[in-house]
Amino acid sequence: MADLRLPALRWAEPPEGPVLVLLDQTRLPAEEAELVCTDVPGLVAAIQSLAVRGAPLLGIAGAYGVALAAVRGYDVTEAARQLAEARPTAVNLAYGVGRARDAYRSAGGDGAAAARAALAEARALHREDAQGSERMAGAGLGLLSELLPGGGYRLLTHCNTGALISGAHGTAFAVVRAAHLAGELRRLWVDETRPLLQGARLTAYEAAREGMPYAVLPDAAAGSLFAAGEVDAVLIGADRIAADGSVANKIGSYPLAVLAKHHGVPFIVVAPVSTVDLATRDGAAIQIEHRPGQEVTEVRPGVPVAPVGAQAYNPAFDVTPPELVTAIVTERGVVAPVDHGNLTNVCSETRSS
Ligand code: MRU
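The sequence shown begins at 1 in the UniProt record's numbering and counts up by one.
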């Protein structure tokens with residue numbers, strides 16, 4: 001039961017007109033339900049509610065969103081702007097939107113041929129993501145075998161980085177899956193990932209479907225797990241990697257990097273090159289999304305866990321400085337040590353944007 005029963009996202013062309021169909025991630029794991037987007041405002045709302053989420057999938061969704069606007073005859077420039085601005089931190093969103101918009105413009109910027117070009121570009125990005133995922137899985141497994149020659153890995157992950165965010169098996173989770181298929185995964189530790197529980201709800205769902213040995217832990221329990229010597233490596237994804245190698249990822253990633261450094265455990269980031277943003281100078285320049293306080297003060301909508309009117313601090317991401325990152329695994333190979341020169345080299349190979 002390796003793959004998702006329903007894909008994270010698919011393009012469909014029913015008689016009423018083309019649509020983008022999403023697996024609604026807000027309803028997992030209780031329910032596998034699809035959400036049909038017929039227009040760009042619907043897709044923007046799905047992005048903002050996290051029905052569709054995770055950096056690589058946001059890029060793919062954004063590209064299909066531009067195609068949707070084009071084939072339905074909406075204003076493509078305005079649609080691209082709304083989509084690119086739907087969430088600020090994951091650079092893949094603007095990257096995917098930009099690719100489909102540029103393909104549309106290069107094909108004349110109007111009419112059926114331009115719309116077909118936008119859709120073809122979205123499909124190309126979707127395929128590239130799947131191929132990149134396979135390559136990252138291989139490169140990441142190779143790195144694990146170098147760093148941890150004893151095998152039998154106990155890996156800790158945070159947030160969700162598997163098939164739910166990808167055209168194939170994702171980023172960090174694809175490496176975990178490769179280790180599992182190689183018989184080398186002793187334990188996957190799944191951070192629950194407060195406040196929206198992407199770890200408990202989504203990564204555990206994927207791990208269960210893959211038949212992995214896994215356990216969910218409260219984020220605050222990671223420290224005691226390191227102290228007990230129960231973590232061999234941390235594997236996470238990324239939403240944006242700045243030119244100096246700073247990594248923005250789900251809130252709670254940075255504390256794991258500090259713990260990993262203290263305990264001498266490798267901290268590995270797995271992300272496609274499209275997540276590297278050389279135009280963002282350093283970690284301080286990465287725009288961090290702040291989300292509604294109710295996500296913290298309510299355990300689910302309408303169920304409070306704090307006094308009525310409590311203020312909340314709810315950044316969706318944090319930034320890990322490059323000196324805490326052992327390596328970044330990309331589809332073009334492993335970046336280590338993580339610095340501007342090595343990142344620039346991996347990005348300067350031919351890139352299709
Ligand atoms: O807010 P989300 O759920 O979109 O955040 C997702 C993450 O932080 C993922 O870890 C990140 O996008 C990497 S996915 C390969």
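Every residue gets a Cβ at the ideal spot worked out from N, C-alpha and C, and that includes glycine.
Here the structure is a predicted model, which is why all the values come from computation and not from measurement.
Of the candidates Y95, I328, T38 and R99, the residue whose Cα lies closest to the Cα of L68 is T38. Remark: three or more beta-carbon pairs, one from each stretch, lie closer than 8 Å, so the segment 55–67 and the segment 92–112 are flagged as touching. For V319, the enclosing beta strand (DSSP E) covers residues F317 to T320. Contact between E295 and P304 does not hold, since their C-beta atoms are separated by about 12 Å, which reaches or exceeds 8 Å. Excluding residues up to 5 positions away in sequence, A103 lie with their Cβ nearer than 8 Å to the Cβ of A120 in the same chain. Residue burial is scored here from C-beta neighbours: T344 has fewer than 16 other C-beta atoms within 10 angstroms and is therefore classed as exposed. Of the residues assessed, S133 falls on the buried side of the cut-off, its CB having 16 or more other CB atoms within 10 angstroms. As the crow flies, the alpha-carbon of H126 is around 18 Å from that of G237.
Look at N342 here: in three-state DSSP terms it is helix. Your pair S274 and P322 does not check out as a contact, with CB atoms roughly 19 Å apart and the cut at 8 Å.
The three-state reading of DSSP puts Y64 in helix, counting H, G and I together.
Fully contained in the segment 259–323 are the following beta strand (DSSP E) runs of length 3 or more, in chain order: 267–270, 298–300 and 317–320. Beta-bridge annotation (DSSP): R53 is not paired with any residue. Here the segment 275–291 makes no contact with the segment 208–228; the two share fewer than three CB pairs at distances below 8 Å.
The residue among R209, H180 and N160 with its C-alpha nearest the C-alpha of E192 is N160.
Here DSSP, grouped into helix, strand and coil, assigns R186 to strand. Judged by their CB atoms, A80 and L141 are not nearer to each other than the 7 Å cut-off. When the alpha-carbon of P213 is set against those of W189, R194, A200 and L197, the nearest one is in W189. Less than 7 Å divides the Cβ of E34 from the Cβ of V21. The beta carbon of I328 sits closer than 6 Å to those of V269, V335 and V338, all from its chain and outside the five residues before and after it, given in chain order. Excluding five sequence positions before and after V176, the CB atoms of its chain that fall closer than 7 Å to its own CB belong to L155, T157, L185, L188 and L235, given in chain order.
Between R240 and T89, the beta carbon gap of about 6 Å places them in contact (Cβ cut-off 8 Å).
In the structure shown, the three-state DSSP call for N160 is coil.
A Cβ-Cβ contact shorter than 7 Å links L324 with K261. Here the distance from the Cβ of I165 to the nearest heavy atom of ligand 1 is below 6 Å. Relative to P29, the option among A174, L196 and G333 whose CA is nearest is L196. Around the beta carbon of S49, fewer than 16 other beta carbons sit within 10 angstroms, so the residue counts as exposed. Closest in C-alpha terms to Y95, from the list P272, G302 and P292, comes P272. C-alpha of R105 to C-alpha of A112: approximately 12 Å in a straight line. Considering only V91, P14 and D75, the residue with the shortest C-alpha distance to A243 is V91. Spatial neighbours of Q311 in its own chain (CB-CB distance under 7 Å, excluding positions within 5 residues in sequence) are listed in chain order as G293.
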